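**Student:**
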Amino acid sequence: MSDDAPGLSRFGMALRFLLAAVVVSAAVLAGTAVMVGAGEAVVVTEFGAPVRVLTEPGLAWKLPAPLQGTVTVDLRLRTSSTGLEDVGTRDGLRILVQSYVAWQVPSDPDHIRQYLRAVRNDPDEAARQLRSFIASALQVTASSFDFAELVNTDPAKLHLADFEQRLQAQVEAQVLRTYGVQVRQAGIETLSLPEASLTATVSRMRSERETVAAERTAEGLRAAAEVRSNAERDGRITVAQARTEAADIDAQARREAAAIQSRAYLSDPELYTLMRTLDTLVQSVGSSTRLVLRTDSQPFSVLLAPPKP
Numbered sequence: 013m014s015d016d017a018p019g020l021s022r023f024g025m026a027l028r029f030l031l032a033a034v035v036v037s038a039a040v041l042a043g044t045a046v047m048v049g050a051g052e053a054v055v056v057t058e059f060g061a062p063v064r065v066l067t068e069p070g071l072a073w074k075l076p077a078p079l080q081g082t083v084t085v086d087l088r089l090r091t092s093s094t095g096l097e098d099v100g101t102r103d104g105l106r107i108l109v110q111s112y113v114a115w116q117v118p119s120d121p122d123h124i125r126q127y128l129r130a131v132r133n134d135p136d137e138a139a140r141q142l143r144s145f146i147a148s149a150l151q152v153t154a155s156s157f158d159f160a161e162l163v164n165t166d167p168a169k170l171h172l173a174d175f176e177q178r179l180q181a182q183v184e185a186q187v188l189r190t191y192g193v194q195v196r197q198a199g200i201e202t203l204s205l206p207e208a209s210l211t212a213t214v215s216r217m218r219s220e221r222e223t224v225a226a227e228r229t230a231e232g233l234r235a236a237a238e239v240r241s242n243a244e245r246d247g248r249i250t251v252a253q254a255r256t257e258a259a260d261i262d263a264q265a266r267r268e269a270a271a272i273q274s275r276a277y278l279s280d281p282e283l284y285t286l287m288r289t290l291d292t293l294v295q296s297v298g299s300s301t302r303l304v305l306r307t308d309s310q311p312f313s314v315l316l317a318p319p320k321p
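Take any residue in the sequence shown, note its place counting from 1, add 12, and you have its number in my numbering.
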């Protein structure tokens, strides 16, 4: 047994050294392995200075600490919102605008380094700086639009899409250059009116409605006058036609009466004269008429004349 003891002792020592080597190797591997997740980048640093940027998801390697360290940068899309900003339009009226901005750090090594230098990998600081840029850009952008182009009851007169495009153009290039942050979208979240602008808007809307009402009233009066004029013209034409027709009928009746009288006179002149005389008596004497005339005077002589055989 004394011969086997040294062998077992050497085997145990070797096993312990192997286990220690495995542990040290695992520790070294753990200290040098870098896992890059989706939606993030890993910056490898040497004594705090970035030397390499890893953007592809997967496993990568670096030197163990303290020679090299890592900084994880979130590349996911974020949104930030400003408070209500009191800005002036081109025509001198005031509006209250609350805007939003959707932004992210692009997966570009240069911009990632710029982001680290500018805000120390602090998303809250980046959002604060973006809100400051947006607030300044709102002042400039609003001064390029009239009040009616931003606040109007007619959708055809609104230019909100143009406003948002100009707002984004105001900030995206400067923010990318200064902070390494890319603005994906900027727009209006809320638009309201201060009291003075609200009063001016109501007055303008009332004036527009009064103008429309006056135009429609004038149009109605013109239409009514036209209808009245046409009716009077048609009435005059109808009366003139009726009078013409009546005159024609009267003339025709007179012609027919004259023809009948002519035929009656030709057939019996004395009878005709008698009948005309009686007609004259009927027309001259009424129920309350009193005449004192000679009986032998016309047309009463016919009453005294003896009948002819």
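Each residue gets a CB set at the ideal place from its N, CA and C atoms; glycine is no exception.
Everything numeric in this text was worked out from a predicted model, so none of it was measured.
Could you pull the start and end residues of the alpha helix (DSSP H) that Pro-135 belongs to?
**Tutor:** Residue mapping note: residue 135 aligns to position 123 of the sequence shown, counting from 1. 135 to 154 is the span of the alpha helix (DSSP H), which, as asked, contains Pro-135.
**Student:** Taking 6 Å as the limit between beta carbons, can you name the residues of its chain near Arg-28, skipping five residues before and five after?
**Tutor:** Here residue 28 corresponds to residue number 16 of the sequence shown, with the count starting at 1. Around Arg-28: no qualifying Cβ.
**Student:** Does DSSP put Leu-179 in a helix, in a strand, or in coil?
**Tutor:** Taking the sequence shown and counting its residues from 1, the one referred to as residue 179 is at position 167. If DSSP states are grouped into helix, strand and coil, Leu-179 belongs with the helices.
**Student:** For the beta strand (DSSP E) that Arg-196 lies in, which residues bound it at each end?
**Tutor:** Here residue 196 refers to the residue found at position 184 when the sequence shown is read from its first residue. 194 to 204 is the extent of the beta strand (DSSP E) around Arg-196.
**Student:** Quick one: which unbroken beta strand (DSSP E) runs of 3-plus residues sit fully inside the stretch 60 to 93? Chain order, please.
**Tutor:** The qualifying runs are 61 to 66, 70 to 73, 81 to 86 and 90 to 93.
**Student:** Rounded to the nearest angstrom, how far is the Cβ of Gln-116 from that of Leu-89, given a contact under 8 Å?
**Tutor:** What you label residue 116 is simply residue 104 of the sequence shown in a count that begins at 1. What you label residue 89 is simply residue 77 of the sequence shown in a count that begins at 1. Correct: roughly 5 Å between the Cβ atoms.
**Student:** Can you give me the C-alpha to C-alpha distance between Pro-62 and Asn-164, rounded to a whole angstrom?
**Tutor:** Stepping through the sequence shown from its first residue, residue 62 is reached at position 50. Stepping through the sequence shown from its first residue, residue 164 is reached at position 152. Looking at the two C-alpha atoms, the distance is approximately 52 Å.
**Student:** If the criterion is Cβ atoms closer than 8 Å, does the pair Pro-144 and Ile-200 meet it?
**Tutor:** Taking the first residue of the sequence shown as 1, we reach residue 144 at position 132. Taking the first residue of the sequence shown as 1, we reach residue 200 at position 188. Strictly speaking, residue 144 in this sequence is Ser, with Pro absent from that position. Not a contact, by the Cβ cut-off of 8 Å.
**Student:** Per the DSSP calculation, Met-47 is bridged to which residue(s)?
**Tutor:** Reading the sequence shown from its first residue, position 35 is the one you call residue 47. Its beta-bridge partners are Leu-71.
**Student:** Which stretch, first to last residue, makes up the alpha helix (DSSP H) that contains Arg-125?
**Tutor:** Counting from one through the sequence shown, the residue named residue 125 turns up at place 113. Looking at the DSSP string, the run of the alpha helix (DSSP H) that includes Arg-125 is 121 to 131.
**Student:** Expressed to the nearest angstrom, what Euclidean distance is found between the alpha-carbon atoms of Arg-288 and Gly-247?
**Tutor:** Numbered from its first residue, the sequence shown carries residue 288 at position 276. Numbered from its first residue, the sequence shown carries residue 247 at position 235. So the alpha carbons of these two residues sit roughly 41 Å apart.
**Student:** Compute the distance between the beta-carbons of Asp-86 and Pro-206, then report whether it is under 8 Å.
**Tutor:** Translated into positions along the sequence shown, residue 86 becomes position 74. Translated into positions along the sequence shown, residue 206 becomes position 194. Their beta carbons are not under 8 Å apart, which means Asp-86 does not touch Pro-206 by this criterion.
**Student:** What does the Cβ neighbour count give for Lys-169, buried or exposed, with the cut at 16 atoms within 10 Å?
**Tutor:** For this step, residue 169 is matched to residue 157 along the sequence shown. That one is exposed.
**Student:** Out of curiosity, what's the CA-to-CA distance linking Val-131 and Glu-137?
**Tutor:** On the sequence shown, position 119 is the one that residue 131 refers to. On the sequence shown, position 125 is the one that residue 137 refers to. Using only the alpha carbons, I get a separation of about 6 Å.
**Student:** Could you tell me the alpha carbon to alpha carbon distance between Thr-292 and Thr-250, rounded to whole angstroms?
**Tutor:** Reading the sequence shown from its first residue, position 280 is the one you call residue 292. Reading the sequence shown from its first residue, position 238 is the one you call residue 250. Taking the straight line joining both Cα atoms gives about 37 Å.
**Student:** In or out: Gln-273 buried (at least 16 other Cβ within 10 Å) or exposed?
**Tutor:** In the sequence shown, residue 273 corresponds to position 261, counting from 1. Gln-273 is exposed by the Cβ-count criterion.
**Student:** Where do the ends of the beta strand (DSSP E) carrying Glu-161 lie?
**Tutor:** Position 149 of the sequence shown, counting from 1, holds the residue named residue 161. Run containing Glu-161: none; DSSP gives neither H nor E here.
**Student:** Rounded to a whole number of angstroms, what is the C-alpha to C-alpha distance between Val-183 and Leu-105?
**Tutor:** Here residue 183 corresponds to residue number 171 of the sequence shown, with the count starting at 1. Here residue 105 corresponds to residue number 93 of the sequence shown, with the count starting at 1. If you take the alpha carbons of Val-183 and Leu-105, they lie about 24 Å apart.
**Student:** Measuring only the C-alpha atoms, how far is Arg-266 from Ala-258?
**Tutor:** For this step, residue 266 is matched to residue 254 along the sequence shown. For this step, residue 258 is matched to residue 246 along the sequence shown. The straight-line gap from Cα to Cα measures roughly 12 Å.
**Student:** What does the alpha-carbon distance come out to for the pair Thr-285 and Gln-264?
**Tutor:** Working through the sequence shown from its first residue, we reach residue 285 at position 273. Working through the sequence shown from its first residue, we reach residue 264 at position 252. Approximately 24 Å, taken between the alpha carbons.
**Student:** For Leu-96, name the three-state secondary structure that DSSP assigns.
**Tutor:** Locating residue 96 in the sequence shown gives position 84, counting from the first residue. Of the three classes helix, strand and coil, the one that applies to Leu-96 here is coil, per DSSP.
**Student:** Could you give the distance in angstroms between the alpha-carbon of Arg-216 and the alpha-carbon of Gln-194?
**Tutor:** Taking the sequence shown and counting its residues from 1, one reaches residue 216 at position 204. Taking the sequence shown and counting its residues from 1, one reaches residue 194 at position 182. For Arg-216 and Gln-194, the distance between alpha carbons rounds to 40 Å.
**Student:** When the Cα atoms are used, what is the spatial distance from Val-187 to Gln-197?
**Tutor:** As a working note, residue 187 is residue 175 in the sequence shown. As a working note, residue 197 is residue 185 in the sequence shown. Using only the alpha carbons, I get a separation of about 13 Å.
**Student:** Which of the three DSSP states, helix, strand or coil, is assigned to Leu-105?
**Tutor:** Counting from 1 along the sequence shown, the entry for residue 105 is found at position 93. Looking at Leu-105 - three-state DSSP - the assignment turns out to be coil, as it is neither helix nor strand.
**Student:** Does Ser-219 come out as helix, strand or coil in the three-state DSSP assignment?
**Tutor:** Translated into positions along the sequence shown, residue 219 becomes position 207. It is helical.
**Student:** When the Cβ atoms of the stretch 120 to 134 are set against those of the stretch 150 to 162, are three or more pairs found closer than 8 Å?
**Tutor:** Short answer: they don't touch.
**Student:** Just curious, the beta strand (DSSP E) that Val-54 is in, first and last residue?
**Tutor:** Residue numbering aside, residue 54 sits at position 42 when the sequence shown is read from its first letter. Residues 52 to 58.
**Student:** Can you give the Cα-Cα distance for Gly-49 and Gln-80, rounded to whole angstroms?
**Tutor:** Here the question's residue 49 lines up with position 37 in the sequence shown. Here the question's residue 80 lines up with position 68 in the sequence shown. Near 19 Å, if we compare the C-alpha coordinates of Gln-80 and Gly-49.
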